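Chains as they are written, first to last, in the numbering used here: chain A, 128 to 280; chain B, 7 to 227.
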């Protein structure tokens, strides 16, 4: 069964995030709430659903989080833009998978994505954006783990 | 007895030292209190949960570290910890860590290294490092089960020629051939996980001699 694999320079994205991790996470004052970090959501995704969930979460970040976040620091803004560009590239790659019918979305994948959006909606939008940015390491680690040994689709 | 918060400066440099998921919270004493018998209390927080929890074994301690391995053993969760200094009825405000993510931050310890030799080759068998466990009776979890992309940097050094070879491998058995007989070679192995950089823990240097060349000994007879 062919699988959708995406080639991505994870090291560069992780490097960008590491430069903003402490600053962004320090601004997240709601430690008792998580958006991506609940073990049940991401860690229960089946291999067949990885492509769909990756596509959905890339859209979550590109269409909501990066748009909702307002950043004053030019250094942080530069790194967020670098991450956003990497995500746009990954979205293009996944688009090819979709066209080759390698990116099906099961009910579980759709549910998992909706849960994340629901958690996001429960917070004030700026707080939700900061929290989601602070949890990028969870998403990147999940991508790393589920797209290992990747090569261009 | 409640203390007057803020009466003391906070502890400094509070961080987690994590190796193979053994997670030790450590800190420096507050500045300017040399010679004062300060004690400390520690709390921890599971990101996404509701409240801070006391670490009872680290209440009013005089040491500057606290083992939170058991409390932070679910490596896919994230955590915070904080410590405050106490002296008499005075205490500091809490000093808090950043968000600690064991899955991404733990240092990977070296594998166990077994060497066997013959005249011109050295066989190396590696055993993956194990995750910290609370009780020795518990079954061990190899870090390979947690990091399926765990790799090893193997270096072998000829003590006569001072030449070194290195190889990055994922499998745990490898053979270095075409070596010189009757020569002392030293081996160093380091585990690593591709991804965000982590501090590395190299193995102990293990040295072994290749056997004497049997053919030359027969000629001598």
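Virtual Cβ for every residue (Gly too), placed ideally from N, Cα, C. In this text the structure is predicted, and so the values were computed from the model without any measurement.
Compute the distance between the beta-carbons of residue 251 of chain A and residue 176 of chain A, then report whether it is under 8 Å.
What you label residue 251 of chain A is simply residue 124 of the first chain in a count that begins at 1. What you label residue 176 of chain A is simply residue 49 of the first chain in a count that begins at 1. For residue 251 of chain A and residue 176 of chain A, no; Cβs fall outside 8 Å.
Are residue 185 of chain A and residue 144 of chain A close, meaning C-beta to C-beta below 8 Å?
Translated into the one-based positions of the first chain, residue 185 of chain A becomes position 58. Translated into the one-based positions of the first chain, residue 144 of chain A becomes position 17. No, the pair does not count as a contact, with Cβ atoms beyond the cut-off.
Using the Cβ count rule (16 or more neighbours within 10 Å means buried), how would you classify residue 184 of chain B?
On the second chain, residue 184 of chain B is found 178 positions in, with the first residue counted as 1. Looking at its Cβ environment, which holds fewer than 16 other Cβ atoms inside 10 Å, residue 184 of chain B is exposed.
So does the region 179 to 193 of chain B actually touch the region 202 to 220 of chain B, counting three or more Cβ pairs closer than 8 Å?
Output reads yes: the region 202 to 220 of chain B touches the region 179 to 193 of chain B.
Report the three-state DSSP secondary structure of residue 136 of chain A (helix, strand or coil).
The count along the first chain starts at 1 and reaches residue 136 of chain A at position 9. Reduced to three states, the DSSP call for residue 136 of chain A is coil.
Is residue 160 of chain A close to chain B? Criterion is C-beta to C-beta, closer than 8 Å.
Position 33 of the first chain, counted from the start, is the residue given in the question as residue 160 of chain A. Yes, residue 160 of chain A counts as interfacial toward chain B.
Is there a Cβ of chain B sitting closer than 8 Å to that of residue 271 of chain A, yes or no?
As a first step, residue 271 of chain A must be located in the first chain, where it is residue number 144. Taking Cβ atoms only, chain B reaches closer than 8 Å to residue 271 of chain A, which makes this a yes.
Short of 9 Å Cβ to Cβ, which residues in the region 142 to 160 of chain A face chain B?
Hits within the stretch, in order: 142, 144, 145, 148, 149, 152, 153, 155, 158, 159, 160.
Exposed or buried, which one is residue 197 of chain A when buried takes at least 16 other CB atoms within 10 Å?
Working through the first chain from its first residue, we reach residue 197 of chain A at position 70. Classification for residue 197 of chain A: exposed.
Since residue 264 of chain A meets chain B, which of its residues come closer than 7 Å, beta carbon to beta carbon?
The residue you call residue 264 of chain A lines up with position 137 of the first chain. Within 7 Å Cβ-Cβ: 107, 110.
Alpha carbon to alpha carbon, how far is residue 237 of chain A from residue 271 of chain A?
Residue 237 of chain A sits at position 110 when you count from the first residue of the first chain. Residue 271 of chain A sits at position 144 when you count from the first residue of the first chain. Cα-Cα distance, rounded: 21 Å.
For the candidate residues B:208, B:136, B:105, whose alpha-carbon lies nearest to that of residue 149 of chain A?
Locating residue 149 of chain A in the first chain gives position 22, where the first residue counts as 1. Closest by alpha carbon: B:105.
What do you reckon, are the CB atoms on residue 49 of chain B and residue 88 of chain B nearer than 8 Å?
What you label residue 49 of chain B is simply residue 43 of the second chain in a count that begins at 1. What you label residue 88 of chain B is simply residue 82 of the second chain in a count that begins at 1. It is a contact, given that the beta carbons lie within the stated cut-off.
Does the beta-carbon distance from residue 96 of chain B to residue 9 of chain B come in below 8 Å?
Residue numbering aside, residue 96 of chain B sits at position 90 when the second chain is read from its first letter. Residue numbering aside, residue 9 of chain B sits at position 3 when the second chain is read from its first letter. Result yes, Cβ atoms of residue 96 of chain B and residue 9 of chain B sit closer than 8 Å.
Which of the residues in the region 70 to 89 of chain B, read from start to end, lie with their CB under 8 Å from any CB of chain A?
So the close ones are 80, 82, 83, 84, 86.
Indicate the three-state DSSP secondary structure (helix, strand or coil) for residue 272 of chain A in the structure shown.
Position 145 of the first chain, counted from the first residue, corresponds to residue 272 of chain A. Three-state DSSP puts residue 272 of chain A in a helix.
When the distance is taken between beta carbons, is residue 152 of chain B closer than 8 Å to residue 85 of chain B?
The count along the second chain starts at 1 and reaches residue 85 of chain B at position 79. The count along the second chain starts at 1 and reaches residue 152 of chain B at position 146. Cβ atoms of residue 85 of chain B and residue 152 of chain B: not closer than 8 Å.
Please report whether the beta-carbon of residue 277 of chain A lies at a distance below 8 Å from any beta-carbon of chain B.
In the first chain, the residue the question calls residue 277 of chain A occupies position 150. Because the pLDDT of residue 277 of chain A is 45, which lies under 50, any placement of that residue in the model is unreliable, and the number read from its coordinates should be weighed accordingly. Closer than 8 Å: no.
Alpha carbon to alpha carbon, how far is residue 203 of chain B from residue 25 of chain B? Give it in angstroms, no decimals.
The count along the second chain starts at 1 and reaches residue 25 of chain B at position 19. The count along the second chain starts at 1 and reaches residue 203 of chain B at position 197. Approximately 14 Å, taken between the alpha carbons.
Residues in its own chain within less than 7 Å of residue 211 of chain A by CB, not counting five upstream and five downstream?
Indexing the first chain from 1 puts residue 211 of chain A at position 84. Contacts found: 189, 193.
When Cβ atoms are compared, which residues of the region 42 to 58 of chain B fall closer than 8 Å to chain A?
Going along the region 42 to 58 of chain B in chain order, one finds 51, 53, 54, 55, 56, 57 with a Cβ nearer than 8 Å to chain A.
Quick test of your reading: residue 254 of chain A and residue 157 of chain A, contact by CB under 8 Å. State the CB separation rounded to the nearest angstrom.
By one-based count along the first chain, residue 254 of chain A stands at place 127. By one-based count along the first chain, residue 157 of chain A stands at place 30. Going by Cβ atoms, the distance from residue 254 of chain A to residue 157 of chain A rounds to 6 Å, so yes, they are a contact pair.
Three or more C-beta pairs under 8 Å: does that hold for the region 113 to 127 of chain B against the region 53 to 66 of chain B?
Counting Cβ pairs under 8 Å, fewer than three are found: no touch.
Counting Cβ pairs, one atom from each stretch, are 3 or more of them under 8 Å apart for the region 161 to 171 of chain B and the region 135 to 143 of chain B?
The region 161 to 171 of chain B vs the region 135 to 143 of chain B: no contact.
What did DSSP end up calling residue 106 of chain A once you bin it into helix, strand or coil?
Since the first residue shown for chain A is 128 and the last is 280, residue 106 of chain A is missing from the structure and cannot be characterised.
Report the start-end ranges of each alpha helix (DSSP H) in the region 159 to 216 of chain A that is 4 residues or longer and not cut off at the edges.
Entirely contained in the region 159 to 216 of chain A, the alpha helix (DSSP H) runs reaching 4 residues are, in chain order, 166 to 170, 177 to 187.
For chain A, is any of its Cβ atoms less than 8 Å away from the one on residue 94 of chain B?
By one-based count along the second chain, residue 94 of chain B stands at place 88. So, not an interface residue.
Give the straight-line distance between the Cα atoms of residue 22 of chain B and residue 61 of chain B, rounded to the nearest whole angstrom.
Position 16 of the second chain, counting from 1, holds the residue named residue 22 of chain B. Position 55 of the second chain, counting from 1, holds the residue named residue 61 of chain B. One C-alpha to the other measures close to 15 Å.
Say the cut is 7 Å; is the CB of residue 246 of chain A nearer than that to a heavy atom of the ligand MG?
The ligand MG is not part of this structure, which contains no ligands at all.
Of all the CB atoms in chain A, is at least one closer than 8 Å to the CB of residue 201 of chain B?
Looking up residue 201 of chain B in the second chain gives position 195. Chain A contact via Cβ: present.
Give a yes or no on whether the minimum CB-CB distance between residue 12 of chain B and chain A is below 8 Å.
One-based indexing of the second chain puts residue 12 of chain B at position 6. No - not a single Cβ of chain A is within 8 Å of the one on residue 12 of chain B.
Please list the partners that residue 268 of chain A has in chain B, where partner means a Cβ-to-Cβ separation under 7 Å.
For the purposes of this step, residue 268 of chain A is identified with residue 141 of the first chain, where counting begins at 1. Ordered by position in chain B, the residues that pass the 7 Å Cβ test against residue 268 of chain A are 109, 110.
Please go through the region 233 to 257 of chain A and give each complete alpha helix (DSSP H) segment of 4 or more residues, from N-terminal end onward.
234 to 248, all fully within the region 233 to 257 of chain A.
When burial is assigned at 16 or more other CB atoms within 10 Å of the CB, is residue 206 of chain A buried or exposed?
Against the first chain, residue 206 of chain A aligns to sequence position 79. Result: buried.
Residue 210 of chain B by DSSP, collapsed to three states: which one?
As a first step, residue 210 of chain B is located in the second chain; it is residue number 204 there, counting from the start. Looking at residue 210 of chain B - three-state DSSP - the assignment turns out to be coil, as it is neither helix nor strand.
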